[in-house]
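Asks: Before we start, here is the structure in question, set down as structure tokens.
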Amino acid sequence: QEPRMIIVEVVGAKKNVALVRLNRPEALNALCSQLMDELAVALLKLDMNTEIRVIVLTGNEKAFAAGADIKEMRELEFAQVFGGGYLANWSALSDVKKPVIAAVNGFALGGGSELALMCDIIYAGDTAQFGQPEVNVGTMPGAGGTQRWPRFTSKSFAMEVCLTGSRITAHEAKDAGLVNRVYPAADLVAETIKLAEKIAEKSPIIVQTIKESVNSAYETTLNQGLRMERRLFHSTFATNDRKEGMKAFSEKRTPEWTSS
Ligand code: HXC
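Under the UniProt record's numbering, the sequence shown has 179 at position 168, and the numbering climbs by one with no breaks.
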């Protein structure tokens with residue numbers, strides 16, 4: 012069945028970047044179950060598709076996503092969310108092995124902000140606004156907000172964002188270390204695709220290994236992470252692309268990756 016709440020396009024000069032657009036503009040891309048199911052299915056497919064090297068996730072100029080769908084959540088009871096595994100389909104994004112880059116324009120609030128924080132890199136348009144307003148509707152971040160904000164910014168910054176529910180601008184998010192670059196809103200997606208294309212030039216198997224290693228910095232102690240990194244580094248010596256990369260360097264030519 013074709014997805015209705017997201018749009019997937021293949022973009023880039025070499026057609027090796029997937030652009031996934033959240034497309035529920037009438038609700039500012041509020042993340043209802045159907046949208047999240049469609050997103051999970053699409054991401055799984057794209058992760059398996061060997062033509063695709065990098066995924067860009069975006070919304071529209073008004074909203075990346077204004078949060079989980081409050082109208083859908085409103086009537087839920089504890090037993091339903093606990094027993095029904097509410098938000099289980101939200102883990103798909105952080106399971107993707109290829110790089111996922113968020114291009115955030117407009118509102119990235121609540122679950123929308125958490126979705127951006129699950130991506131590997133965040134670029135923002137100058138009108139972007141990030142926030143965790145859950146506190147204003149009597150709940151709390153439930154898709155990583157209280158865990159990723161302190162790791163990506165600081166405890167103090169995370170506390171302010173999560174406890175006040177106030178929104179911060181793209182530039183404040185950049186100063187806090189959450190966002191790498193800020194572009195005029197109209198240029199954001201094109202600039203993000205350029206970044207994706209740059210990563211898409213590299214060996215996919217090596218890119219995936221590096222992503223896994225960087226992520227382990229957020230999931231383990233320093234010592235375990237360093238040991239993991241060393242082992243992953245060793246594992247690159249089992250690849251043809253490591254041989255090809257070093258050979259090409261010596262022969263002063265561009266490497267030809269085979270992702271093997
Ligand atoms: C459901 C939403 C929505 C949301 C916006 N809409 N956000 N519907 N869930 N999170 C709907 C509105 O109801 C409205 O529909 C339409 O989108 C346009 O929104 P407006 O409010 O009219 O637009 P505007 O005045 O420009 O205000 C924009 C806004 C505001 C400031 C972003 O919509 C807002 O405060 N939204 C809620 C933000 C929020 O609290 N997010 C956190 C949700 S909790 P109608 O039909 O009325 O026109 C959460 C929990 C995460 O995310 C837990 C883990 C995932």
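Beta carbons: idealized from backbone N, C-alpha and C, even for Gly. Being a predicted model, the structure only gives us computed values, none of them experimental.
1. Decide if residue 170 is buried, meaning its Cβ has at least 16 other Cβ atoms within 10 Å, or exposed.
2. If I measure Cβ to Cβ from residue 155 and keep anything under 7 Å in the same chain, skipping five residues before and after, which residues do I get?
3. Strictly by DSSP, which residues pair up with residue 118?
4. Residues in its own chain within less than 8 Å of residue 109 by CB, not counting five upstream and five downstream?
5. In whole angstroms, give me the CA-to-CA distance for residue 2 and residue 41.
6. Measuring CB atoms only, is the region 248-255 touching the region 232-239, in the sense that at least three cross pairs come out at less than 8 Å?
7. If we count Cβ pairs, one from each stretch, closer than 8 Å, do we get three or more for the region 155-165 versus the region 111-126?
8. Compute every distance between the C-beta of residue 189 and the non-hydrogen atoms of ligand 1, then say whether any falls below 7 Å.
9. Closer than 7 Å: is that where the CB of residue 266 sits relative to any heavy atom of ligand 1?
10. Does the beta-carbon of residue 248, which I'm using as the reference point, lie nearer than 7 Å to any heavy atom of ligand 1?
11. Tell whether a beta-carbon distance below 8 Å holds between residue 112 and residue 207.
12. On a CA-only basis, which of 78, 118, 91 is nearest residue 148? Give me that one, please.
13. What are the boundary residues of the beta strand (DSSP E) that includes residue 69?
14. May I have the straight-line CA-CA distance separating residue 103 from residue 265, to the nearest angstrom?
15. Starting from residue 46 and walking both ways along the alpha helix (DSSP H), at which residues does that stretch end?
16. Can you check whether the CB of residue 72 is closer than 8 Å to the CB of residue 116?
17. Could you tell me the distance, in whole angstroms, from the CA atom of residue 213 to the CA atom of residue 162?
18. Taking 7 Å as the cut-off, does the CB of residue 48 come closer than this to any heavy atom belonging to ligand 1?
19. Rounded to a whole number of angstroms, what is the C-alpha to C-alpha distance between residue 101 and residue 39?
20. I need the straight-line Cα distance from residue 97 to residue 143, nearest angstrom please.
21. Could I get the ranges of all uninterrupted alpha helix (DSSP H) runs contained in the region 198-260, with 4 residues as the minimum, in chain order?
22. For a quick check, are the C-beta atoms of residue 172 and residue 181 less than 8 Å apart?
Replies: Looking at the coordinates:
1. Residue 170 is exposed by the Cβ-count criterion.
2. Hits under 7 Å: 125, 128, 129.
3. 74, 140
4. 57, 58, 63, 64, 65, 66, 215, 218, 219, 222
5. No answer is possible for residue 2: the residues shown for the chain start at 12 and end at 271.
6. no
7. Touching, yes.
8. If you check the C-beta of residue 189 against ligand 1, you find no heavy atom less than 7 Å away.
9. No - ligand 1 has no heavy atom lying nearer than 7 Å to the Cβ of residue 266.
10. no
11. A contact, by the Cβ cut-off of 8 Å.
12. 78
13. Its beta strand (DSSP E) spans residues 65-69.
14. 35 Å
15. 44-59
16. A distance below 8 Å separates the beta carbons of residue 116 and residue 72.
17. CA-CA distance, residue 213 to residue 162, rounds to 28 Å.
18. No, ligand 1 has no heavy atom inside 7 Å of this Cβ.
19. 18 Å
20. When rounded, the distance between both Cα atoms is 19 Å.
21. 199-211, 215-227, 233-247
22. It is not a contact, given that the beta carbons lie outside the stated cut-off.
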